[in-house]
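Everything on this sheet refers to the single structure shown next.
In this note's numbering, the protein residues as written are 10 to 434.
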């Protein structure tokens with residue numbers, strides 16, 4: 010039974026436009042090739058065809074077309090198998106809908122062979138008739154045309170198999186409508202219709218195969234499409250939150266995956282795209298921007314601590330500190346407390362993994378400065394969270410009996426006193 014997903018995909022605007030353009034291309038190629046072949050035939054061809062030779066020629070033409078058709082089918086199946094095994098089984102539906110050249114070629118070859126068989130059967134008893142001579146000529150023309158169509162088909166298929174092409178096609182499906190539809194679907198349907206999952210599949214497979222260029226192209230495509238969604242759609246607040254949560258959570262998931270597989274450069278691309286998106290989101294909803302950014306960065310920072318990626322940790326800490334400052338400046342107490350909590354969680358993960366004390370010190374400084382800044386503007390939630398985070402960090406560091414960590418314990422105590430003192434005033 011054909012699924013609703015396939016029906017929708019088959020009649021989507023972009024697929025319909027592609028099919029119309031490819032059909033028009035092959036029609037124009039047919040008219041052009043027939044015109045050229047007829048002109049050459051008039052100048053250099055025989056005035057009449059020998060019927061015996063024509064029968065042998067048409068018979069050989071039919072056999073060669075049948076053999077080529079079998080090769081085309083085999084080549085297409087191998088191409089689909091290659092794409093599905095390299096990236097995802099989702100590529101089967103994609104190539105079926107977005108590669109009309111294969112289906113058009115099947116129609117051309119079947120039509121050409123059927124017509125040639127009809128002509129071959131009609132030759133006995135009609136020798137010398139003008140209509141028969143014309144039908145033989147047309148049979149030859151369609152045979153040559155069917156061979157010519159192999160070139161655009163081959164180029165098109167090879168182009169379709171390029172990772173960049175597959176990524177761009179999948180990116181076209183990443184829209185505000187497809188995201189909200191997926192979010193409101195049940196668990197099974199949501200997994201089947203998830204518009205970003207095929208791109209994640211390609212990114213993941215490329216990363217595992219050490220195809221870093223495709224990995225980074227996929228990450229940038231997600232970032233660009235997501236930015237377009239925020240810019241071009243006048244989203245109502247509820248819908249904007251749904252879409253933001255969807256995109257940020259997927260990017261955070263990819264960021265963690267790249268860290269686990271030690272692709273630091275791709276992780277920085279994820280963080281850069283997150284930064285672009287939260288800055289775009291904050292134009293309409295600063296609070297939501299802060300919450301999404303802090304949650305995503307916390308997830309990436311925690312995994313960075315587990316994998317000892319110090320440069321990623323430093324970048325995450327700096328971003329969280331800047332976001333926290335902006336939230337405090339705009340009096341977003343709840344949101345700034347969430348940022349401080351994220352810093353604390355990353356800090357505890359760093360301590361548990363015995364990360365370089367300089368990184369932990371950077372986290373303590375960030376929490377301390379945000380806590381003092383919040384206390385000066387009477388933002389109680391942020392003050393309370395900064396004290397809790399300092400205590401959690403101190404509790405973790407006290408278990409490590411090294412001079413560096415013991416020194417950091419004293420520093421966290423000093424910051425806690427400074428925050429409390431500022432809050433009293």
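All C-beta atoms in this analysis are idealised placements derived from N, C-alpha and C, irrespective of residue type, glycine included. None of the values given here were measured: they were computed from a predicted structure.
Range covered by the alpha helix (DSSP H) that runs through residue i
i, result
"residue 325", "319 to 338"
"residue 65", "60 to 95"
"residue 271", "Note, residue 271: premise wrong, no alpha helix (DSSP H); not H, not E."
"residue 347", "342 to 361"
"residue 130", "109 to 131"
"residue 388", "It is not in any alpha helix (DSSP H) - residue 388 carries neither H nor E in the DSSP assignment."
"residue 98", "Unbroken run through residue 98: none, as it is neither H nor E."
"residue 240", "221 to 241"
"residue 210", "206 to 217"
"residue 45", "22 to 53"
"residue 291", "Where residue 291 is concerned, there is no enclosing alpha helix (DSSP H), given that its DSSP letter is neither H nor E."
Rounded distance between the beta-carbons of residue j and residue i, thought under 8 Å
i, j, result
"residue 302", "residue 332", "5 Å"
"residue 286", "residue 232", "7 Å"
"residue 101", "residue 89", "6 Å"
"residue 348", "residue 299", "6 Å"
"residue 267", "residue 216", "7 Å"
"residue 366", "residue 414", "6 Å"
"residue 437", "residue 295", "Nothing about residue 437 can be read from this structure; the chain reaches only from 10 to 434."
"residue 110", "residue 165", "5 Å"
"residue 240", "residue 289", "7 Å"
"residue 297", "residue 250", "6 Å"
"residue 150", "residue 43", "5 Å"
Cβ-heavy atom distance, residue i to the ligand COA, below 7 Å
i, result
"residue 38", "In the structure on display, the ligand COA does not appear, and there are no ligands present to speak of."
Does the count of Cβ pairs from the region 37 to 54 and the region 87 to 97 closer than 8 Å reach three?
-> no
Is it a yes or a no for the region 347 to 359 touching the region 319 to 330, going by three-plus beta-carbon pairs under 8 Å?
-> The region 347 to 359 is in contact with the region 319 to 330.
Does the region 116 to 130 touch the region 225 to 239, meaning 3 or more C-beta pairs lie closer than 8 Å?
-> no
Does the region 60 to 78 come close enough to the region 179 to 191 to have 3 or more Cβ pairs within less than 8 Å?
-> no
Within the region 144 to 188, note down every full beta strand (DSSP E) run reaching 3 residues or more, in order along the chain.
-> none
Between the region 408 to 426 and the region 364 to 377, do at least 3 Cβ pairs fall closer than 8 Å?
-> yes
Touching or not, the region 262 to 270 and the region 242 to 251, by the rule of three or more beta carbon pairs under 8 Å?
-> no
If you scan the region 384 to 431 from start to end, which runs of the alpha helix (DSSP H) of 4 or more residues do you find wholly inside it?
-> 389 to 406
Check whether the region 274 to 283 touches the region 220 to 231, counting contact only when three or more Cβ pairs, one atom from each stretch, lie closer than 8 Å.
-> yes
Is the region 36 to 45 touching the region 157 to 175, taking contact as three or more C-beta pairs under 8 Å?
-> yes
Evaluate contact between the region 110 to 121 and the region 76 to 83, counting only Cβ atoms and requiring at least three cross-stretch pairs below 8 Å.
-> yes
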